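Report on the structure given below.
In my numbering, the protein residues as written are 4 to 323.
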(Lines of atoms letter the chains of each structure in order from A; the text may use other names.)
(Lines give C-alpha, C1' and ligand atoms only; values in the text may rest on other atoms or scores of the structure.)
Protein backbone atom coordinates (compact mmCIF):
# COMPACT_ATOMS: atom_id res chain seq x y z
CA UNK A 4 0.00 0.00 0.00
CA UNK A 5 0.98 3.65 -0.35
CA UNK A 6 -0.11 6.98 1.08
CA UNK A 7 0.16 8.58 -2.36
CA UNK A 8 -3.02 9.40 -4.28
CA UNK A 9 -3.68 6.79 -7.00
CA UNK A 10 -6.76 6.37 -9.18
CA UNK A 11 -7.45 3.47 -11.55
CA UNK A 12 -9.62 4.38 -14.54
CA UNK A 13 -11.28 2.09 -17.07
CA UNK A 14 -14.38 2.07 -19.21
CA UNK A 15 -14.29 -0.77 -21.68
CA UNK A 16 -14.87 -4.56 -21.86
CA UNK A 17 -16.15 -6.30 -18.74
CA UNK A 18 -13.00 -8.41 -18.38
CA UNK A 19 -10.83 -5.28 -18.41
CA UNK A 20 -13.11 -3.57 -15.90
CA UNK A 21 -12.56 -6.52 -13.57
CA UNK A 22 -8.80 -6.18 -14.03
CA UNK A 23 -9.01 -2.49 -13.13
CA UNK A 24 -11.13 -3.20 -10.08
CA UNK A 25 -8.72 -5.90 -8.85
CA UNK A 26 -5.69 -3.67 -9.48
CA UNK A 27 -7.21 -0.81 -7.50
CA UNK A 28 -8.06 -3.12 -4.62
CA UNK A 29 -4.57 -4.62 -4.58
CA UNK A 30 -2.74 -1.29 -4.26
CA UNK A 31 -5.31 0.65 -2.24
CA UNK A 32 -6.28 2.97 -5.09
CA UNK A 33 -9.60 4.57 -5.96
CA UNK A 34 -11.44 2.90 -8.83
CA UNK A 35 -13.56 4.84 -11.32
CA UNK A 36 -15.70 3.32 -14.05
CA UNK A 37 -18.01 5.49 -16.12
CA UNK A 38 -18.59 9.25 -15.93
CA UNK A 39 -16.50 11.48 -13.67
CA UNK A 40 -14.92 14.94 -13.51
CA UNK A 41 -11.24 14.71 -14.60
CA UNK A 42 -10.31 17.96 -12.88
CA UNK A 43 -10.96 16.52 -9.41
CA UNK A 44 -8.57 13.58 -9.90
CA UNK A 45 -5.25 14.24 -8.17
CA UNK A 46 -1.97 12.33 -8.09
CA UNK A 47 -1.25 9.34 -10.33
CA UNK A 48 -3.76 7.67 -12.61
CA UNK A 49 -3.49 4.14 -13.98
CA UNK A 50 -5.41 3.77 -17.24
CA UNK A 51 -6.39 0.16 -17.98
CA UNK A 52 -7.59 -0.93 -21.41
CA UNK A 53 -6.98 -1.40 -25.11
CA UNK A 54 -5.01 1.36 -26.87
CA UNK A 55 -7.94 2.63 -28.91
CA UNK A 56 -9.04 6.23 -29.66
CA UNK A 57 -11.26 6.36 -26.57
CA UNK A 58 -8.34 5.31 -24.36
CA UNK A 59 -6.21 8.16 -25.69
CA UNK A 60 -9.14 10.59 -25.33
CA UNK A 61 -9.31 9.76 -21.62
CA UNK A 62 -5.53 10.11 -21.33
CA UNK A 63 -5.71 13.56 -22.96
CA UNK A 64 -8.07 14.78 -20.23
CA UNK A 65 -5.47 14.08 -17.54
CA UNK A 66 -2.49 16.16 -18.59
CA UNK A 67 -2.28 17.35 -14.98
CA UNK A 68 -1.75 13.79 -13.71
CA UNK A 69 1.20 11.45 -13.78
CA UNK A 70 0.02 8.49 -15.89
CA UNK A 71 0.63 4.75 -16.06
CA UNK A 72 -0.92 2.93 -19.02
CA UNK A 73 -1.73 -0.75 -18.46
CA UNK A 74 -2.41 -2.09 -21.95
CA UNK A 75 -3.61 -5.25 -23.65
CA UNK A 76 -3.99 -6.07 -27.33
CA UNK A 77 -4.62 -9.09 -29.54
CA UNK A 78 -2.67 -7.81 -32.52
CA UNK A 79 -1.20 -4.69 -34.16
CA UNK A 80 -2.72 -1.31 -33.34
CA UNK A 81 -3.36 1.80 -35.44
CA UNK A 82 -2.21 4.34 -32.88
CA UNK A 83 -3.37 7.42 -34.85
CA UNK A 84 -3.31 10.21 -32.26
CA UNK A 85 -1.96 7.80 -29.65
CA UNK A 86 1.69 8.44 -30.41
CA UNK A 87 1.16 12.20 -30.18
CA UNK A 88 -0.43 11.81 -26.75
CA UNK A 89 2.32 9.41 -25.70
CA UNK A 90 4.97 12.02 -26.54
CA UNK A 91 3.00 14.76 -24.75
CA UNK A 92 2.14 12.80 -21.61
CA UNK A 93 5.29 10.64 -21.27
CA UNK A 94 3.43 7.85 -19.43
CA UNK A 95 4.98 4.73 -17.95
CA UNK A 96 3.68 1.98 -20.25
CA UNK A 97 2.98 -1.51 -18.92
CA UNK A 98 1.85 -4.42 -21.11
CA UNK A 99 -0.08 -7.39 -19.75
CA UNK A 100 2.06 -9.93 -21.66
CA UNK A 101 5.19 -10.10 -23.77
CA UNK A 102 2.93 -10.81 -26.73
CA UNK A 103 1.05 -7.54 -26.12
CA UNK A 104 4.42 -5.78 -25.69
CA UNK A 105 5.60 -7.09 -29.05
CA UNK A 106 2.40 -5.96 -30.79
CA UNK A 107 2.53 -2.50 -29.20
CA UNK A 108 6.18 -1.92 -30.00
CA UNK A 109 5.72 -3.08 -33.60
CA UNK A 110 2.98 -0.45 -33.78
CA UNK A 111 5.39 2.23 -32.56
CA UNK A 112 4.49 2.49 -28.86
CA UNK A 113 7.42 1.86 -26.47
CA UNK A 114 6.69 -0.43 -23.50
CA UNK A 115 8.55 -0.01 -20.20
CA UNK A 116 7.39 -3.10 -18.31
CA UNK A 117 5.40 -6.33 -18.56
CA UNK A 118 3.12 -7.34 -15.69
CA UNK A 119 0.92 -10.36 -16.26
CA UNK A 120 -2.61 -10.23 -14.97
CA UNK A 121 -3.24 -11.41 -11.43
CA UNK A 122 -5.92 -13.89 -10.44
CA UNK A 123 -8.66 -12.27 -8.35
CA UNK A 124 -9.48 -15.66 -6.80
CA UNK A 125 -7.17 -17.24 -4.24
CA UNK A 126 -5.97 -20.65 -5.42
CA UNK A 127 -7.21 -23.70 -3.54
CA UNK A 128 -4.81 -25.80 -1.50
CA UNK A 129 -6.20 -29.12 -2.76
CA UNK A 130 -7.82 -30.25 -5.99
CA UNK A 131 -11.60 -30.49 -5.48
CA UNK A 132 -13.84 -33.29 -6.74
CA UNK A 133 -14.68 -32.90 -10.41
CA UNK A 134 -18.21 -33.47 -11.72
CA UNK A 135 -18.18 -31.43 -14.96
CA UNK A 136 -16.01 -32.42 -17.92
CA UNK A 137 -15.56 -29.16 -19.84
CA UNK A 138 -16.13 -25.46 -19.12
CA UNK A 139 -15.59 -22.34 -21.24
CA UNK A 140 -16.42 -18.71 -20.42
CA UNK A 141 -16.19 -16.09 -23.18
CA UNK A 142 -18.06 -13.16 -24.66
CA UNK A 143 -19.31 -12.85 -28.22
CA UNK A 144 -16.25 -12.17 -30.36
CA UNK A 145 -14.99 -13.89 -33.48
CA UNK A 146 -11.68 -14.71 -31.83
CA UNK A 147 -13.47 -16.43 -28.94
CA UNK A 148 -15.41 -18.80 -31.22
CA UNK A 149 -13.38 -19.46 -34.39
CA UNK A 150 -14.86 -21.60 -37.14
CA UNK A 151 -12.93 -24.71 -36.18
CA UNK A 152 -14.52 -24.98 -32.73
CA UNK A 153 -18.12 -25.14 -33.98
CA UNK A 154 -18.24 -28.91 -34.65
CA UNK A 155 -16.57 -29.58 -31.30
CA UNK A 156 -19.14 -27.53 -29.38
CA UNK A 157 -21.94 -29.31 -31.23
CA UNK A 158 -20.60 -32.83 -30.62
CA UNK A 159 -19.68 -32.30 -26.98
CA UNK A 160 -23.20 -31.12 -26.25
CA UNK A 161 -24.00 -31.18 -22.53
CA UNK A 162 -20.47 -32.31 -21.68
CA UNK A 163 -19.40 -28.68 -22.26
CA UNK A 164 -20.90 -25.87 -20.19
CA UNK A 165 -20.73 -22.49 -21.95
CA UNK A 166 -20.90 -19.14 -20.18
CA UNK A 167 -21.23 -16.01 -22.32
CA UNK A 168 -21.61 -12.27 -21.74
CA UNK A 169 -24.49 -9.91 -22.34
CA UNK A 170 -23.22 -8.73 -25.74
CA UNK A 171 -23.92 -12.14 -27.28
CA UNK A 172 -26.95 -12.11 -29.64
CA UNK A 173 -27.08 -15.92 -29.43
CA UNK A 174 -27.65 -16.10 -25.68
CA UNK A 175 -30.30 -18.78 -26.15
CA UNK A 176 -27.57 -21.21 -27.25
CA UNK A 177 -25.56 -20.80 -24.04
CA UNK A 178 -26.05 -22.30 -20.60
CA UNK A 179 -25.33 -19.24 -18.45
CA UNK A 180 -24.77 -15.50 -18.86
CA UNK A 181 -22.07 -13.86 -16.75
CA UNK A 182 -23.20 -11.20 -14.29
CA UNK A 183 -22.52 -7.83 -15.92
CA UNK A 184 -24.33 -5.72 -13.33
CA UNK A 185 -26.91 -5.18 -16.07
CA UNK A 186 -30.52 -5.04 -14.80
CA UNK A 187 -32.05 -5.75 -18.22
CA UNK A 188 -30.06 -8.99 -18.52
CA UNK A 189 -31.26 -10.10 -15.11
CA UNK A 190 -34.84 -9.28 -16.01
CA UNK A 191 -34.72 -11.14 -19.32
CA UNK A 192 -32.69 -14.15 -18.14
CA UNK A 193 -33.42 -14.40 -14.39
CA UNK A 194 -32.58 -18.10 -14.20
CA UNK A 195 -29.39 -17.98 -16.26
CA UNK A 196 -27.29 -15.22 -14.71
CA UNK A 197 -23.92 -16.55 -13.52
CA UNK A 198 -22.75 -14.71 -10.41
CA UNK A 199 -19.19 -14.87 -9.12
CA UNK A 200 -20.33 -17.39 -6.52
CA UNK A 201 -21.72 -19.65 -9.24
CA UNK A 202 -18.62 -19.17 -11.38
CA UNK A 203 -16.38 -20.29 -8.52
CA UNK A 204 -18.43 -23.46 -8.08
CA UNK A 205 -18.23 -24.17 -11.82
CA UNK A 206 -14.47 -23.61 -11.85
CA UNK A 207 -14.22 -26.04 -8.93
CA UNK A 208 -16.32 -28.69 -10.65
CA UNK A 209 -14.66 -28.51 -14.09
CA UNK A 210 -12.07 -31.14 -14.97
CA UNK A 211 -10.93 -29.21 -18.05
CA UNK A 212 -11.11 -25.57 -19.09
CA UNK A 213 -11.59 -25.84 -22.85
CA UNK A 214 -10.21 -22.55 -24.13
CA UNK A 215 -11.41 -22.16 -27.73
CA UNK A 216 -10.07 -18.69 -28.56
CA UNK A 217 -7.48 -18.30 -31.31
CA UNK A 218 -5.78 -15.24 -29.81
CA UNK A 219 -5.61 -13.41 -26.47
CA UNK A 220 -3.80 -10.51 -24.89
CA UNK A 221 -3.34 -12.64 -21.77
CA UNK A 222 -6.12 -15.20 -21.17
CA UNK A 223 -7.43 -14.33 -17.71
CA UNK A 224 -10.28 -16.86 -17.49
CA UNK A 225 -7.75 -19.64 -18.07
CA UNK A 226 -5.82 -18.46 -15.00
CA UNK A 227 -9.01 -18.18 -12.95
CA UNK A 228 -10.00 -21.75 -13.83
CA UNK A 229 -6.52 -23.01 -12.93
CA UNK A 230 -6.93 -21.52 -9.44
CA UNK A 231 -9.58 -24.19 -8.84
CA UNK A 232 -7.72 -27.08 -10.41
CA UNK A 233 -9.29 -27.00 -13.88
CA UNK A 234 -6.75 -28.21 -16.45
CA UNK A 235 -6.51 -26.00 -19.56
CA UNK A 236 -6.85 -27.34 -23.07
CA UNK A 237 -5.33 -24.42 -24.92
CA UNK A 238 -3.80 -23.26 -28.19
CA UNK A 239 0.00 -23.43 -28.26
CA UNK A 240 0.67 -19.71 -28.82
CA UNK A 241 1.87 -16.67 -26.88
CA UNK A 242 0.74 -15.34 -24.48
CA UNK A 243 -0.35 -18.75 -23.10
CA UNK A 244 3.14 -20.17 -23.56
CA UNK A 245 4.58 -17.29 -21.52
CA UNK A 246 2.90 -18.05 -18.23
CA UNK A 247 1.29 -21.51 -18.39
CA UNK A 248 3.89 -24.22 -17.62
CA UNK A 249 3.99 -26.85 -20.34
CA UNK A 250 3.13 -29.63 -17.89
CA UNK A 251 -0.03 -27.82 -16.71
CA UNK A 252 -2.04 -28.05 -19.91
CA UNK A 253 -3.01 -30.06 -22.96
CA UNK A 254 -1.86 -28.09 -25.99
CA UNK A 255 -3.00 -28.03 -29.60
CA UNK A 256 -1.02 -26.39 -32.38
CA UNK A 257 -2.11 -23.72 -34.87
CA UNK A 258 -1.62 -24.29 -38.58
CA UNK A 259 0.79 -21.36 -38.89
CA UNK A 260 -1.74 -19.37 -40.91
CA UNK A 261 -2.71 -15.98 -39.47
CA UNK A 262 -5.83 -14.03 -40.46
CA UNK A 263 -6.04 -10.33 -39.66
CA UNK A 264 -9.43 -8.96 -38.59
CA UNK A 265 -9.97 -5.17 -38.58
CA UNK A 266 -11.57 -4.34 -35.22
CA UNK A 267 -11.76 -0.61 -34.60
CA UNK A 268 -8.21 0.62 -34.12
CA UNK A 269 -7.00 -2.97 -33.74
CA UNK A 270 -5.89 -5.63 -36.16
CA UNK A 271 -6.73 -8.85 -34.37
CA UNK A 272 -4.33 -11.69 -35.21
CA UNK A 273 -6.31 -14.92 -35.52
CA UNK A 274 -3.95 -17.90 -35.24
CA UNK A 275 -5.86 -20.46 -37.28
CA UNK A 276 -6.28 -23.97 -35.91
CA UNK A 277 -8.19 -26.98 -37.21
CA UNK A 278 -11.07 -28.93 -35.73
CA UNK A 279 -8.90 -32.04 -35.95
CA UNK A 280 -6.12 -30.47 -33.86
CA UNK A 281 -8.60 -29.46 -31.18
CA UNK A 282 -10.17 -32.93 -31.12
CA UNK A 283 -6.75 -34.56 -30.77
CA UNK A 284 -6.00 -32.46 -27.70
CA UNK A 285 -9.38 -33.29 -26.17
CA UNK A 286 -8.94 -37.02 -26.77
CA UNK A 287 -5.41 -36.91 -25.37
CA UNK A 288 -6.70 -35.16 -22.26
CA UNK A 289 -9.50 -37.68 -21.73
CA UNK A 290 -7.14 -40.67 -22.11
CA UNK A 291 -4.48 -39.28 -19.78
CA UNK A 292 -6.28 -40.02 -16.50
CA UNK A 293 -3.11 -40.91 -14.62
CA UNK A 294 -1.84 -37.33 -15.09
CA UNK A 295 -4.98 -35.44 -14.11
CA UNK A 296 -4.18 -34.99 -10.44
CA UNK A 297 -0.56 -33.99 -11.09
CA UNK A 298 -1.57 -31.44 -13.73
CA UNK A 299 -4.36 -30.03 -11.58
CA UNK A 300 -1.97 -29.59 -8.65
CA UNK A 301 0.49 -27.80 -10.90
CA UNK A 302 -2.35 -25.50 -11.99
CA UNK A 303 -3.05 -24.62 -8.35
CA UNK A 304 0.65 -23.89 -7.76
CA UNK A 305 0.82 -21.63 -10.82
CA UNK A 306 -2.32 -19.67 -9.91
CA UNK A 307 -1.15 -19.27 -6.32
CA UNK A 308 2.02 -17.52 -7.54
CA UNK A 309 -0.14 -15.18 -9.65
CA UNK A 310 -2.55 -14.00 -6.95
CA UNK A 311 -3.61 -10.45 -7.77
CA UNK A 312 -2.46 -8.83 -4.52
CA UNK A 313 1.08 -10.06 -5.10
CA UNK A 314 1.21 -9.41 -8.86
CA UNK A 315 -0.28 -5.92 -8.88
CA UNK A 316 1.82 -4.72 -5.94
CA UNK A 317 4.57 -4.23 -8.56
CA UNK A 318 2.72 -1.14 -9.79
CA UNK A 319 3.68 0.66 -6.59
CA UNK A 320 7.32 0.55 -7.71
CA UNK A 321 6.48 2.95 -10.57
CA UNK A 322 4.72 5.52 -8.38
CA UNK A 323 7.08 8.05 -6.85
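By construction, the Cβ of each residue, glycine as well, lies at the ideal position given by its N, Cα and C atoms.
Remember, predicted model here, so these are calculated numbers, not experimental data.
Item: Contained beta strand (DSSP E) runs [length at least 3] in the segment 44 to 103, N- to C-terminal order; Value: 47 to 52, 69 to 74 and 95 to 98
Item: Backbone secondary structure at residue 310 - three-state DSSP; Value: strand
Item: Residues bridged to residue 3 [DSSP beta-bridge criterion]; Value: Residue 3 lies beyond the residue range present for the chain, which begins at 4 and ends at 323; the question has no answer from this structure.
Item: Residue 245 versus residue 264 - alpha carbon distance; Value: 24 Å
Item: Those runs of the alpha helix (DSSP H) which lie wholly inside the segment 189 to 264 and span at least 4 residues; Value: 199 to 208, 223 to 229 and 243 to 246
Item: Contact between the segment 70 to 84 and the segment 263 to 281 (3+ Cβ pairs under 8 Å); Value: yes
Item: Integer Cβ distance of residue 216 from residue 123, believed to fall under 8 Å; Value: Not a contact, Cβ separation roughly 20 Å.
Item: Run of the alpha helix (DSSP H) containing residue 157, from where it starts to where it stops; Value: 153 to 159
Item: Under the three-state DSSP convention, the category residue 148 falls into; Value: coil
Item: Reduced DSSP secondary structure (H/G/I, E/B, other) of residue 318; Value: helix
Item: Status (buried if at least 16 other CB within 10 Å, exposed otherwise) for residue 223; Value: buried
Item: Sub-9 Å separation of residue 321 and residue 44 beta-carbons; Value: no
Item: Distance between residue 199 and residue 292 (C-alpha atoms, nearest Å); Value: 29 Å
Item: Cα-Cα separation, residue 51 to residue 39; Value: 16 Å
Item: Classification of residue 235 by the beta-carbon crowding that lies within 10 angstroms, buried from 16 upward; Value: buried
Item: Touching by the beta-carbon criterion (3+ pairs, under 8 Å), the segment 59 to 71 and the segment 21 to 29; Value: no
Item: Under the three-state DSSP convention, the category residue 35 falls into; Value: strand
Item: Simplified DSSP assignment, three categories, for residue 118; Value: coil
Item: With 16 other Cβ atoms within 10 Å as the buried cut-off, status of residue 220; Value: buried
Item: Alpha-carbon to alpha-carbon, residue 22 and residue 163; Value: 26 Å
Item: Classification of residue 298 by the beta-carbon crowding that lies within 10 angstroms, buried from 16 upward; Value: buried
Item: Residues that DSSP places opposite residue 164 in a beta bridge; Value: 138
Item: Separation of residue 233 from residue 301, as counted between CA atoms; Value: 10 Å
Item: CB contact below 9 Å: residue 47 versus chain C; Value: In the structure shown, chain C does not exist; there is a single protein chain.
Item: Exposure of residue 181, with buried meaning 16 or more beta-carbon neighbours within 10 Å; Value: buried
Item: Segment contact, 8 Å Cβ cut-off, at least three pairs: the segment 304 to 319 with the segment 129 to 147; Value: no
Item: 7 Å Cβ shell around residue 104 - same chain, five flanking residues per side excluded; Value: 98, 114 and 117
Item: Terminal residues of the alpha helix (DSSP H) in which residue 278 lies; Value: 278 to 290
Item: Which listed residue (161, 157 and 148) has its alpha carbon closest to that of residue 167; Value: 148
Item: Rounded straight-line distance, which links the Cα of residue 24 to that of residue 312; Value: 12 Å
Item: Contact set for residue 86: own chain, Cβ-Cβ below 8 Å, skip 5 residues either direction; Value: 111 and 112
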